[in-house]
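Engineer: If you're matching positions, the sequence shown starts at 1 in the UniProt record's numbering and goes up one per residue.
C-beta atoms are modelled at their ideal positions from N, C-alpha and C, and glycine is treated no differently.
What you are looking at is a predicted structure, and each value in this text was computed from that prediction instead of being measured.
Below is one structure. I have some questions about it.
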Amino acid sequence: MTDPFSPRTDVPQAPLLRAQQAGYWEAGAETYPQGLEHPGFQWNPQEPTDPQEVGPRPDPGPDRPAPVPAAWSAEAARRRAWLGRAALLVILLAQALLSVRLHNTAFQDEALYIYAGHMEIAHIFHGAPLVYSYASYFSGSPALYPVLAGAVDSVLGVDGVRAVSLLFMLGATALIYSTSRRLFNERVALFGTGLFASAQSTIVLGWFATYDAPALFLITLAAWLVVRFARAHAALVLLAVPVLVLAFCTKYASGIFIPPVIGLAVLTAWPYRQAAALWRAVLLCVGTGVLGVAVLYHSQVMTGIQATTTSRQHGTNSTSSLINMSADWTWVMLAAACWGSISYIRRGRLSEISDVAARTGETEPGRYWRALLCLLLFGSALLAPAYQIHLSTSISLYKHVGFGLVFVAPLAGLGLSRIVGPHFLRIALGVAVLAVALFNGVEQSGRRYATWPDSSQLISVLRPHVTSGGKYLADVADVPIFYFRDVTAASRWDNTYVLKYTDSKGVRLSGPAAYTAAVDDGKYDMVVLDSSPSANDTAIDNALAASGKYHLAATVPYTNTNGRGAYTVWIKG
């Protein structure tokens, strides 16, 4: 392999001389003024000016390795590695601060998962019966993340559980940096992680006690493993198998990102193994399938998988609204990745060659390979929006798009690197892109974290009325169940979405009729309704007003992203 930064020899010598005499070298599509030489050049003002003396650099021959450019010497590589790590620490610190700045009481999903974790721990270690079959409707195995969340909550509370999510997200960012660095170089990796760290999904999931952060980390870890061992024996990709299965069991929806990991394993190994790289796909498919089936066979989560993922009920969101929401949360990274893909397919590595590639004298992969890599990484970012468009639902879309950003981050970093140009010649453009990404992420994450009301005042109002023997009805029952778990059990609370009730005449009722009969019979000691009603709230309101058994004890106002609202608290008696 010839030095990738040697003067081009496929152009006439006279223009090359004129460029040299004017103080410029030409490399690929880039021209560098004297004093701003591209890495690998060593400007020598004593170079010959006679056309007969200017010629191509001698071919090192088949028995001699290609010379390593000075910019990729071992000392320079170590220096760049340490500088890259220092910059990565700054990015991680900024990401942590952006997440920790978010404040609110527990969201209903957080409350549900943490409470379920406490119940699962009591069941596993003390044999306590499970009141609810969490495995039948949870979107991940209740024996994994909920148990971790419950254990941490016992010691550190809700903020401690959220801090665990932050550690997972910081780990994902660090893995994205390492993966991008192996695919390209440190600068691309830093740009990609900077854009990923400023995305709304990254910021929110970093301070959100749900399945998403650990599942995203595990998918990122699996992708890193297959890239890390791209040059190694094919059997080493089996290390990614338990990681992929664990990611799927942690959150079932993450299973749609298993095929991109398998594709990445093949593509990154292809330049070194050619067709033999296909064995990696076989090993990953067989290993993941066998282990996954074994795990599912010995668990009771199939109902939950069907209810929340494979057979999920379709929603009512339009395709255009889902596209707009997805674009609003990801457009900066997708635009940078689109430019990076086009530029990379059109012209391969300019300054993005990695230290490993330079040290081993690897040749530049062909255009078809580059196109397939870009298609795989960019297409992965569209999987979550496409799936939710299929389901016509926006539920959790703001979280799921973050999984795709894991794959598109290297391309986004490449695009931003080429926008900035060599030697940061267009640094202002790069700063502008990062500023827009950061502004969007901060603004969107703040709004997202305010979509549910602060329940601290409501909990204070309810506390004097909650007893161990009481029976309660609430619009968002998971929140008081969590905060009053030391006083009352989950079985003492009903929600306003589903109820089956047998009235005093022995008639089995469901839907609005069930709530009306339950209120008429005085079944509940307290009823808590939200001004953002469920489908059954109108029937409950009418029944409360007509029964004469309840009085309005308190109205608790709140403000969220949708505006102002209020909780109404009805007490029997």
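Can you give the Cα-Cα distance for E443 and V204, rounded to whole angstroms?
Structural biologist: Taking the straight line joining both Cα atoms gives about 11 Å.
Engineer: Quick one: is N324 buried, meaning 16 or more other Cβ sit within 10 Å of its Cβ, or exposed?
Structural biologist: Burial call: exposed.
Engineer: So, with DSSP's three-state summary, where would you put P557?
Structural biologist: DSSP places P557 in strand when its eight states are reduced to three.
Engineer: Since Y524 is in the alpha helix (DSSP H), which residue starts that stretch and which ends it?
Structural biologist: Here Y524 belongs to no alpha helix (DSSP H), and DSSP marks it neither H nor E.
Engineer: Which whole-angstrom value is the C-beta distance of V243 and T268, which I expect to be below 8 Å?
Structural biologist: Actually they are not in contact, since the Cβ atoms of V243 and T268 sit about 16 Å apart, beyond 8 Å.
Engineer: Could you pull the start and end residues of the alpha helix (DSSP H) that I256 belongs to?
Structural biologist: Neither: I256 is in no alpha helix (DSSP H) and is coded neither H nor E.
Engineer: Under the DSSP definition of a beta bridge, which residues are partnered with K399?
Structural biologist: In DSSP, K399 forms no bridge with anything.
Engineer: Report the option in L246, L175 and I114 whose CA atom is closest to the CA atom of R85.
Structural biologist: Closest by alpha carbon: L175.
Engineer: Enumerated in chain order, which unbroken segments of the alpha helix (DSSP H) with a length of 4 residues or greater are wholly contained in the segment 382-432?
Structural biologist: Qualifying alpha helix (DSSP H) stretches, in chain order: 383-391 and 397-420.
Engineer: Which residue wins for smallest C-alpha separation from T538, given the options I571, I419, Y497 and A247?
Structural biologist: The shortest C-alpha separation from T538 is found at Y497.
Engineer: Mind reading off the beta-carbon distance from G348 to G415? Whole number of angstroms is fine, and I expect it under 8 Å.
Structural biologist: Going by Cβ atoms, the distance from G348 to G415 rounds to 15 Å, so no, they are not a contact pair.
Engineer: Could you spell out the range, first to last residue, of the beta strand (DSSP E) harbouring Y472?
Structural biologist: Taken as a continuous stretch (DSSP letters only), the beta strand (DSSP E) holding Y472 covers Y472 to A474.
Engineer: Note the first and the last residue of the continuous beta strand (DSSP E) segment covering W493.
Structural biologist: Where W493 is concerned, the enclosing beta strand (DSSP E) stretches over W493 to N495.
Engineer: Quick one: what's got a C-beta closer than 7 Å to K471's C-beta in the same chain, skipping five residues either side?
Structural biologist: Contacts found: R492, K523, Y524 and D525.
Engineer: For L382, collect the residues of the same chain with a Cβ closer than 8 Å to its Cβ; drop the 5 residues on either side in sequence, then sort them by chain order.
Structural biologist: For L382, where only same-chain residues beyond five positions count, the Cβ hits under 8 Å are G404.
Engineer: Quick check: the Cα distance between S299 and V282, rounded to an integer number of angstroms?
Structural biologist: Between S299 and V282, the C-alpha separation is close to 26 Å.
Engineer: Give me the Cα-Cα distance between C338 and T179, rounded to the nearest whole angstrom.
Structural biologist: The alpha-carbon atoms of C338 and T179 are separated by roughly 19 Å.
Engineer: Quick check: A189 and L218, are their CB atoms within less than 7 Å of each other?
Structural biologist: Result no, Cβ atoms of A189 and L218 do not sit closer than 7 Å.
Engineer: When DSSP builds the beta bridges, which residues end up paired with Y550?
Structural biologist: Its beta-bridge partners are K572.
Engineer: Rounded to the nearest angstrom, how far is the Cβ of V487 from that of V569, given a contact under 8 Å?
Structural biologist: Not really, about 16 Å apart at Cβ, beyond 8 Å.
Engineer: Quick one: which unbroken beta strand (DSSP E) runs of 3-plus residues sit fully inside the segment 207-282? Chain order, please.
Structural biologist: The qualifying runs do not exist here; there are none.
Engineer: From which residue to which residue does the beta strand (DSSP E) around R485 run?
Structural biologist: Note, R485: premise wrong, no beta strand (DSSP E); not H, not E.
Engineer: Can you tell me which of T319, W369, M333 and F138 puts its alpha carbon nearest to the alpha carbon of Y272?
Structural biologist: Among T319, W369, M333 and F138, the Cα nearest to that of Y272 belongs to W369.
Engineer: Please look up how many angstroms separate the CB atoms of F196 and T173, rounded, as I've assumed it's under 8 Å.
Structural biologist: Confirmed, Cβ separation roughly 6 Å.
Engineer: Taking the CB atoms as reference points, tell me whether S139 and A213 lie closer together than 7 Å.
Structural biologist: It is not a contact, given that the beta carbons lie outside the stated cut-off.
Engineer: Please go through the same chain and pick out, in chain order, the residues whose beta-carbon is closer than 8 Å to the beta-carbon of Q457, but skip the five residues on each side of it.
Structural biologist: Counting only Cβ-Cβ distances below 8 Å, and skipping sequence neighbours, we find V556 and Y558.
Engineer: Could you give the residue range of the alpha helix (DSSP H) that holds Y134?
Structural biologist: Taken as a continuous stretch (DSSP letters only), Y134 belongs to no alpha helix (DSSP H), as it is neither H nor E.
Engineer: Considering only C-alpha positions, which residue in the set D541, V158 and T193 is nearest to A513?
Structural biologist: Of D541, V158 and T193, the residue nearest in Cα terms is D541.
Engineer: Between L36 and L425, what straight-line distance do the alpha-carbon atoms span, to the nearest angstrom?
Structural biologist: Only weak support is given to the placement of L36: the predicted model assigns it a pLDDT of 40, under 50, and the value that follows is read from those uncertain coordinates. Approximately 10 Å between the Cα atoms of the pair.
Engineer: Using C-beta distances below 6 Å, list every residue in its chain close to T561, excluding the 5 sequence neighbours before and after it, in chain order.
Structural biologist: The answer, listed in chain order, is R447, A450 and T451.
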